[in-house]
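Taking our numbering, I'd label the letters of the sequence shown as residues 5 to 383. The C-beta atom is built at its ideal place from N, Cα and C for all residues, glycine as well. Just so we're clear, the structure is a prediction, and the values are computed from it rather than from any experiment. Encoded as structure tokens, the structure appears first; notes follow it.
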Amino acid sequence: WTIHVPMTVTAVEGSCAVVPCHTQRHGRVIWYKYHNINYPVVYDQQFNQVEAPFRGRTSVIGKAAEGNCTLKIQDVTMADNNLRVYVWINPDSKATQKFHDQTVIIFVERRNPMISVQSVILEGSIFEVDCSIEHSCPYSPPSIQWHRSHFLQNFTSVTFSSKRGNLWLYRETLRGTATLNMHKTQIGCSAQFRTLTTTSPQATLNVFGQPANVKIELKKAMIIEGGSITANCAANSYPLPHTYSWIIRQMGINSEINSTQRIMSFHNITRNTSLSCMAYNDVGVGQSDWMDLLVQYAPAILPESSCSLMEDLIRCFCHVEAFPFASISWDVAGNYSHLSSVTTNYTTKPNVVSGEINLPILNQGSVRCIAWNEFGNDT
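Structure, rendered in structure tokens:
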């Protein structure tokens, strides 16, 4: 008999060990663990002859008619490290012999899965992350389990298997579109063998994108006309913005201020003022919506306020602009008017209210409109 077996075999903990064996056509095979005195059986088709540590874990794969006597040991543990085995072909034949001089040493190693991630991930680009694990059992690779944030749940996956030296490489790839929500999230994976689970290190995702969700934040919502404000240009981005542009709109005219600071102070604020900011980083630029500032100011009676003669009545209108809204009263010939003779209407013009009074034509003397709020008054 001529038997072809390797001198050593490498197996991965949790996987199986495959010991290639080829000889002539034969009928029966027994595999033994090498021992100086005894003959511990690693595999025999007579199940009760197999040593307890190997019972149910070993098999011979391939066809005996083709001379294949390959041994497979399932669920390898570190206790199997440095195991020496040898094969006995046709043990019931008179021509048989034992092959003690052709032992195979099985080395067992632990392998953890590895995560592979792009170092630069651009927002909106197709993003891939690989989880790979070396194993020694081409018949049953481990399964991959991902440990990821909910931002990666809708990604698709594909698997690959290839030979790497004396081992096999099993790889699963997640693929999807990168978003800023993924930035600084962590991802990892586990390889699940039948009796063992090994885990990869965690990888942190760095998603590069232009500033998004740009908005202006004020330290105080209300501003008194002529006063000052401090505004913050907030943005989500990686890398962080390095330059900011502030645009202030007053009386329909825009002016722009460039700065490396995201916080800016503005002085002598007037009514009808709006702000917007732009944030720049190495990827691009993002701009906030326009913010109309809530500027508080004293009442001003508008020029369209007037009185007119209507048959036997004098009808007067008083239009007042103020924020907060002005209160209106009337002074008729030095006397404060009765509330029943006064009506106040809110107009479609911003911050403008209108007061109306109707007087008998017999009344003599002047009619004055008085408007006030907490910041002042006008007559």
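Let's test the definition: count the other Cβ atoms within 10 Å of the Cβ of residue 51 and tell me whether it reaches 16, buried, or not, exposed. The residue in question, residue 51, is exposed, as its Cβ has fewer than 16 Cβ neighbours within 10 Å.
Rounded C-alpha distance that separates residue 356 from residue 304: 9 Å
Starting from residue 301, trace the beta strand (DSSP E) in both directions and tell me its first and last residue. First-last of the beta strand (DSSP E) with residue 301: 298–305.
Can you tell me which of 229, 190, 182 puts its alpha carbon nearest to the alpha carbon of residue 380? 229
So does the region 218–229 actually touch the region 290–305, counting three or more Cβ pairs closer than 8 Å? yes
With DSSP as the reference, identify every bridge partner of residue 384, one or two as the case may be. A question about residue 384 goes unanswered here, because the residues of the chain that appear run from 5 up to 383.
Check each candidate in 39, 44, 111 and name the one with the smallest Cα separation from residue 85. With distances taken between Cα atoms, residue 85 lies closest to 111.
To the nearest whole angstrom, what separates the beta carbons of residue 113 and residue 16, a pair I think is in contact under 8 Å? 6 Å
Are the CB atoms of residue 147 and residue 134 within a distance shorter than 8 Å? no
Could you spell out where the beta strand (DSSP E) holding residue 257 opens and where it closes? 257–263
In whole angstroms, what is the alpha-carbon distance linking residue 360 and residue 226? Each residue's CA atom was taken as its position, placing residue 360 and residue 226 some 30 Å apart.
Return no unless some Cβ of chain D is closer than 8 Å to the Cβ of residue 228. Structure shown: chain D not included; a single protein chain is present.
Limits of the unbroken beta strand (DSSP E) element including residue 76: 74–77
Take residue 124 and list the residues in its own chain whose beta-carbon comes closer than 8 Å to its own, dropping the five residues that flank it on each side. 210, 212
Take residue 320 and list the residues in its own chain whose beta-carbon comes closer than 6 Å to its own, dropping the five residues that flank it on each side. 311, 361, 371
Just the Cα atoms here: how many angstroms apart are residue 235 and residue 281? Roughly 10 Å between the two C-alpha positions.
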